[in-house]
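Asker: Can you keep this structure in mind? I'll have questions shortly.
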Amino acid sequence: MSVTSSQMPAGAAAPATPDPELPVSPRAASTRGRWAGWWFLGPFMLVFVLVFIAPVLYSLYLSLFHTQMVGGTQFVGFDNYIRAFSDGAFWAGLLRVSVFLVIQVPIMLAISLLVALAVDSGRLYGRDFFRISIFMPYAVPAVVASLMWGFMYGTRFGLVGNLNDFFGWNLPDLLTPDFILLSIGNIVTWEFVGYNMLIFYSALRVIPSSLYEAAAIDGAGQWRVVAAIKIPAIRGALVVATIFSIIGSFQLFNEPAILQSLAPNAISSSFTPNLYAYSLSFAGQQQNYSATVAIIMGLVTMVIAYVVQLRGMKQEA
Amino acid sequence: MSTNRRFRRRLAAGLSVAAVTALALSACSSGADPEAAAEEGGELTVWAWDPTIEDVAAAYEEENPAVSVEVVNVGTGNDHYTALQNAVSAGSGGPDLAQVEYQATTQFTLAEALVDLTEFGADELDGTFAPGPWEGVRSGDGVYGLPLDSGPMALFYNQAVFEEHDIAVPETWEDYVQAGRDLQAADPDVYITNDTGDAGLTTSLMWQAGGHPFDVEETTVGVDFTGEGSQKFVEAWQPMLEEELIAPISSWSDEWYQGLGDGTIASLVIGAWMPGNLEGGVPDAAGDWRVAPMPQWGDSGFQTAEQGGSGMSVMADSEQQALAYDFLEYAAVNGGKEVRVDDGVFPATTADLESPEFLEREYEYFGGQQINQVLSESSAAVVEGWDYLPYQVYANTIFNDSVGQAYVGGTSLADGLAEWQDALLAYGEDQGFTLE
Amino acid sequence: MAPPTLRVPAPRRSRLSTPSNPRRSPLLTVLTGIVLLYSLIPLLWLLINSTKTQGDLFSTFGLWFGREFSLVENVWRTLTYDDGIFVRWLGNTLLYVVAGAGGATLLAVLGGYALAKFDFPGKKAVFAVVIGAVAVPGTALAVPTFWMFSAMELTDTPWSVIIPSLISPFGLYLMWTFASQAIPTDLMEAARIDGAGEFRTFLQVCLPLLAPGTVTVMLFTMVATWNNYFLPLIMLRDPDWYPLTLGLNQWNSQAGTAGGDAIFDLVLTGSLLTIVPLIIAFLFLQRFWQSGLAAGGVKE
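Taken in order, these protein sequences are the chains called U, W and D.
For the record, in the first sequence the residue sitting at position 92 is 92 according to this note's numbering, with numbers rising by one throughout.
For the record, in the second sequence the residue sitting at position 55 is 1055 according to this note's numbering, with numbers rising by one throughout.
For the record, in the third sequence the residue sitting at position 13 is 2013 according to this note's numbering, with numbers rising by one throughout.
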């Protein structure tokens, strides 16, 4: 949800469905030479090595050193990793994004799924208007969304303040430590409900009609069709969306970074692991330790994405 | 440090697919004559966030047709230092000159990123600048920049609000706290000031109280917030927080500008550069605001502190240091300084601070008040001997992690400061400094 | 050498949905309407507040218009502020989108095609490596990438934004699944039997079949590049090369410096102007996007 550097929508990443052994005609491979595929994949991989692999290797290398303002650089082996494992700030950040993940992701995906089902059911007035409008926030850059919501959250002059004045409500200050995770969750949900909805909706559109016809013969009701046909049919999409959302949560950065100037005491410099890595590296000149934190986060993210993928697949089978 | 930089640079070059020759370290231009360099001409890049530097560059180019100066705003606040630090560690892509706040000078001096300007005779400018800013650009016997402006602090207050609630202008911090109580009693929507935890304000108020929390001697650092001066701040601020006399509005936010305009925030104790921000950001309150001397901590005579303020330095990676110095001198003491003072910048040069023309200027925004009288007086009363940490920029970014929690009820100021102190010492040790 | 003449129609899955024509439900419409409001109110707020002067912005109700309607004036000021830097940022963003998203789409289409339709050494490792690298947070890569680019003297140039934008792992994944469905292997065989070379087969036979998926990937990479913030933040120093996102954030933070000019009204109007082109692109291309997603994003 905040991955901007890696050029993916919504922190997209792991595929749930492509099978590395898709059927390829053996004849095609043999007659055209074994390396023909590389001519097409080569350009991608060349740039990929330059902008992903090389920096990752460089980070791994950096994580083995310690640079000081006074004293220069020394090789320290795995000291940085040992430090990270006993670093309360890092683990608190990881715990925070985990809580965020466990609460925000299911809510967001549930809303997305319900809207997708509603739009797909054909029972809405003005279906296309719904579909397009709910998707629209996805066009708003995370930076702009955070600036905008930051303005609106203001209890004095923002929308929250307006509503309090106008209706005599007593909405709390959403930028205090108690509510800040909720506020960020709201921004992220707002940005990505439509995006996930569209993924689910697209998956629903390609369910073969024969399945519905069979259900109609059995006399199954609306809810039965949803539970027995629609949900199982789009399991792949659900798994993909879940994995994207998990990676997005773990890499949470833009939203807290922008809100930090409005809520300096609620969003610490180690609020999320990604923010921590940024602060260590750019404000604190601790590039070595920052690289270490980032690598550990990368590993954690990979493991969890992999587990989700495995579980998703198992249930599908 | 420079060997380390070279090492990293080589490493980066080696890792990159397209190998590019590493830039040779810039030749030392010792002995070069700045004026001759200006006649010879060249191109200069300046990184500065201050919009008036553009005007200085234009004026300089007019006087020195052979020179072209490009002013780049690489970001405000920490973004500026991030970019500068990145350029320093990469060893290329940096500017010839950079604006650097006084609190950040030691950090870059220590990294050997700034040129010691004594080789161009900058030490002879001793006495040209007010003591606070001049101290801010010096380190040991070296001069690592020239002051551009200064921020002696004063009390900016909304006279309309003060009069409406019949509040006298506070002369001591005790009065100030009481004024806060009276304002809240009169109208719960009016606060004496705002603060959500601001490292610059906190340290400056300790400075004014005679505190010396940071002690820096070469690469030896000490941090101690338990001293008398620091404690005076705690004693004044803690009750204000507990009684909720301070508006929980972050400075520089949209709500802050709104609060300054509509009377929610009745006063600010802040640096002398504030008038421009009030005029620009709070036009609706024109005529309401006034400037008074900073409230005092006690009976030790009139004392003030600096907040913010910046100098400009010549970067060690620059290949035209002599020319850069010529521009710098122009911007800090010669024609360029005049341009900036005309633009409304609060100067650091004693000649300007004492000139009748400057002192008697009347500000319409401040109801015709000659505010420079107050500000100039403050400049002369800055407590001497203050040190910033050689990693003050980072220190300030983690201020809210610890001390800031006192502003949201998570801890007390004293405990928050103790936690900040521990974090700063731990960081210093990790970075190889010797602890006192 | 005869050109391939075979024309096998692309397999088309008929668009089918829930059977029969269900009755419209007001209740369901109202319930879904809550999400609709949630999505639209902030955009409405932005639109309304872009019509206000800075004074009204601070003093009037957020969801209704201010005393003066100054949208036109705000837009004009946004476009002309600081010698029209906003227009320059818009141009930069377009450059990054065209070069970055265009290039990313091209690479993803080629790569996805290769993964779907060829067997070659190292194929299995490719995706594992791509996914693994993607899980490492961008902030981790920023500093090393900065140093590398700095050594190549690419920082502070458009290349430093464009080159990393060329990689879209999600696009690669999408094209992989799409190509494996959309291009019948028999068709490629037929072209080869006719004597067409690999590139010719790709260009004349396969590329047209990949069009819907290509549009999808292009839209995703376009959004990603348009919204890119973190990477330019690190790589660019000269505001003349900023994209809109970075420029807007600079406008927002310039209120926070001595001598800085507080222009929250322009930040809001600028935000609105940043969103509008993308929304127009969405509306215009949404049909393509729909079909591309349906066929490529998710397998049955």
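A virtual CB, placed ideally from N, CA and C, is assigned to each residue, including glycine.
#1: Chain D partners of U:M148, CB-CB under 7 Å?
#2: Can you look up W:P1147 in the DSSP assignment and give me helix, strand or coil?
#3: Are there 16 or more other CB atoms within 10 angstroms of the CB of D:I2280, so buried, or fewer, so exposed?
#4: For W:L1097 versus W:L1044, is the C-beta spacing smaller than 8 Å?
#5: I want to verify the contact list: residues of chain U whose CB lies under 8 Å from the CB of D:V2126, in sequence order.
#6: Quick test of the definition: if touching needs 3 or more C-beta pairs under 8 Å, does the segment 1270-1290 of chain W touch the segment 1149-1156 of chain W?
#7: Report yes or no: is there a C-beta of chain D within less than 8 Å of the C-beta of U:R123?
#8: In angstroms with no decimal places, state the Cα-to-Cα distance between D:T2177 and D:G2103.
#9: List the residues of chain D that U:A142 touches, going by C-beta distances under 9 Å, in chain order.
#10: Rounding to the nearest angstrom, what Cα-Cα distance links U:W223 and D:D2083 in this structure?
#11: For chain W, find out if any of its Cβ atoms is closer than 8 Å to the Cβ of U:L259; answer yes or no.
#12: Between U:A116 and chain D, is there a C-beta pair that is closer than 8 Å?
#13: How about W:D1254: is its C-beta nearer than 8 Å to some C-beta of chain D?
#14: Pop quiz: W:A1083 and D:W2147 are said to be a contact at Cβ under 8 Å. What is the actual Cβ separation, rounded to whole angstroms?
#15: Where does W:P1065 fall in DSSP's three states?
#16: With 8 Å set as the bound, which would you pick, yes or no: does the beta-carbon of D:Q2250 sit closer than that to a beta-carbon of chain W?
#17: Measure the Cβ-Cβ separation of W:V1046 and W:P1095 and say whether it is below 8 Å.
#18: Closer than 8 Å, CB to CB, is D:Y2242 near chain U or not?
#19: Classify U:S202 as helix, strand or coil using the three-state DSSP reduction.
#20: Taking Cβ to Cβ, would you say D:K2052 is nearer than 8 Å to D:G2033?
#21: Mind listing which residues of the segment 1181-1196 of chain W have their C-beta closer than 8 Å to chain U's C-betas, in chain order?
#22: Can you find the residues in the same chain that come closer than 8 Å, C-beta to C-beta, to W:V1333, ignoring five residues on each side of it along the sequence?
#23: State the start and end residues of the unbroken beta strand (DSSP E) segment that holds W:A1292.
#24: Tell me whether W:F1302 is buried or exposed, calling it buried when 16 or more other Cβ atoms sit within 10 Å of its Cβ.
#25: Spatial neighbours of W:Q968 within its chain, please: CB distance less than 6 Å, with the 5 preceding and 5 following residues excluded, ordered by chain position.
#26: Would DSSP call D:G2256 helix, strand or coil?
#27: Using C-beta distances below 6 Å, list every residue in its chain close to W:E1360, excluding the 5 sequence neighbours before and after it, in chain order.
#28: So is D:G2055 in contact with chain W if we call contact Cβ pairs under 8 Å?
#29: Should W:V1221 and W:L1114 be called a contact, given that it needs their Cβ atoms to be closer than 8 Å?
#30: Taking only beta-carbon atoms, is D:L2028 less than 8 Å away from chain U?
#31: Have a look at W:L1425 and W:T1411 and give me their C-alpha separation to the nearest angstrom.
#32: Ordered along the chain, which non-local residues of its own chain (more than five positions away) have a Cβ less than 6 Å from that of W:A1160?
#33: Give the secondary structure of W:A1043 by DSSP, where H, G and I count as helix, E and B as strand, and everything else as coil.
#34: What residue does the alpha helix (DSSP H) around W:E1163 start on, and which one ends it?
#35: Taking only three categories from DSSP, how would you classify W:P1440?
#36: In three-state terms, what does DSSP make of W:E1101?
Answerer: Checking against the coordinates, here is how it stands:
#1: To locate residue 148 of chain U, count along the first sequence from 1; it is residue 148. Simply P2042, L2046, S2271.
#2: Position 147 of the second sequence holds residue 1147 of chain W. Three-state DSSP puts W:P1147 in a strand.
#3: Residue mapping note: residue 2280 of chain D aligns to position 280 of the third sequence, counting from 1. Exposed is the call here.
#4: Along the second sequence, read from residue 1 onward, the residue named residue 1097 of chain W stands at position 97. Along the second sequence, read from residue 1 onward, the residue named residue 1044 of chain W stands at position 44. Result yes, Cβ atoms of W:L1097 and W:L1044 sit closer than 8 Å.
#5: Translated into the one-based positions of the third sequence, residue 2126 of chain D becomes position 126. For D:V2126, the chain U residues whose Cβ falls inside 8 Å of its Cβ are L41, M45, in order along the chain.
#6: Short answer: they touch.
#7: By one-based count along the first sequence, residue 123 of chain U stands at place 123. Chain D contact via Cβ: present.
#8: Position 177 of the third sequence holds residue 2177 of chain D. Position 103 of the third sequence holds residue 2103 of chain D. Taking C-alpha positions only, D:T2177 is separated from D:G2103 by approximately 20 Å.
#9: In the first sequence, residue 142 of chain U corresponds to position 142, counting from 1. For U:A142, the chain D residues whose C-beta falls within less than 9 Å of its own C-beta are N2227, Y2229, T2245, listed in chain order.
#10: If you number the first sequence from 1, residue 223 of chain U lands on position 223. If you number the third sequence from 1, residue 2083 of chain D lands on position 83. Going by the C-alpha atoms only, they are around 60 Å apart.
#11: Sequence index remark: in the first sequence, residue 259 of chain U carries index 259 (1-based). Using a CB distance cut-off of 8 Å, U:L259 does not count as an interface residue toward chain W.
#12: By 1-based counting over the first sequence, the position of residue 116 of chain U is 116. No - not a single Cβ of chain D is within 8 Å of the one on U:A116.
#13: In the second sequence, residue 1254 of chain W corresponds to position 254, counting from 1. Yes, its Cβ sits closer than 8 Å to a Cβ of chain D.
#14: By one-based count along the second sequence, residue 1083 of chain W stands at place 83. By one-based count along the third sequence, residue 2147 of chain D stands at place 147. 14 Å between Cβ atoms; not a contact.
#15: As a working note, residue 1065 of chain W is residue 65 in the second sequence. Note: W:P1065 maps to coil in three-state DSSP.
#16: Position 250 of the third sequence, counted from the start, is the residue given in the question as residue 2250 of chain D. Interface residue, yes.
#17: Your numbering for residue 1046 of chain W matches position 46 in the second sequence. Your numbering for residue 1095 of chain W matches position 95 in the second sequence. Yes.
#18: Counting from 1 along the third sequence, the entry for residue 2242 of chain D is found at position 242. Not an interface residue.
#19: Counting from one through the first sequence, the residue named residue 202 of chain U turns up at place 202. Reduced to three states, the DSSP call for U:S202 is helix.
#20: Position 52 of the third sequence holds residue 2052 of chain D. Position 33 of the third sequence holds residue 2033 of chain D. Not in contact: D:K2052 and D:G2033 (Cβ atoms no closer than 8 Å).
#21: Cβ contacts with chain U: T1196.
#22: Here residue 1333 of chain W corresponds to residue number 333 of the second sequence, with the count starting at 1. Listed in chain order, the non-local C-beta contacts of W:V1333 below 8 Å within the same chain comprise L1125, T1128, L1146, T1349, local neighbours out to five positions each way being set aside.
#23: For the purposes of this step, residue 1292 of chain W is taken as the residue at position 292 of the second sequence. Segment 1289-1292, the beta strand (DSSP E) holding W:A1292.
#24: Residue numbering aside, residue 1302 of chain W sits at position 302 when the second sequence is read from its first letter. Of the residues assessed, W:F1302 falls on the exposed side of the cut-off, its CB having fewer than 16 other CB atoms within 10 angstroms.
#25: What is shown of chain W runs 1001 to 1436, which leaves residue 968 of chain W out entirely.
#26: One-based indexing of the third sequence puts residue 2256 of chain D at position 256. D:G2256: helix per DSSP, three-state reduction.
#27: By one-based count along the second sequence, residue 1360 of chain W stands at place 360. For W:E1360, the CB contacts under 6 Å within the same chain, skipping 5 residues up- and downstream, are Q1370 in chain order.
#28: Within the third sequence, the letter at position 55 stands for residue 2055 of chain D. Closer than 8 Å: yes.
#29: Against the second sequence, residue 1221 of chain W aligns to sequence position 221. Against the second sequence, residue 1114 of chain W aligns to sequence position 114. Not in contact: W:V1221 and W:L1114 (Cβ atoms no closer than 8 Å).
#30: If you number the third sequence from 1, residue 2028 of chain D lands on position 28. It does; some Cβ of chain U falls within 8 Å.
#31: One-based indexing of the second sequence puts residue 1425 of chain W at position 425. One-based indexing of the second sequence puts residue 1411 of chain W at position 411. For W:L1425 and W:T1411, the distance between alpha carbons rounds to 20 Å.
#32: Position 160 of the second sequence, counted from the first residue, corresponds to residue 1160 of chain W. Taken in chain order, the residues that qualify are D1288.
#33: Start at 1 with the first residue of the second sequence, and residue 1043 of chain W comes out as number 43. In the sequence as displayed, the identity of residue 1043 of chain W is Glu instead of Ala. Of the three classes helix, strand and coil, the one that applies to W:E1043 here is strand, per DSSP.
#34: Counting from 1 along the second sequence, the entry for residue 1163 of chain W is found at position 163. Run containing W:E1163: 1159-1164, per the alpha helix (DSSP H) assignment.
#35: Past the boundaries of the shown model lies residue 1440 of chain W; chain W is included only from 1001 to 1436, so the question cannot be answered.
#36: For the purposes of this step, residue 1101 of chain W is identified with residue 101 of the second sequence, where counting begins at 1. DSSP places W:E1101 in strand when its eight states are reduced to three.
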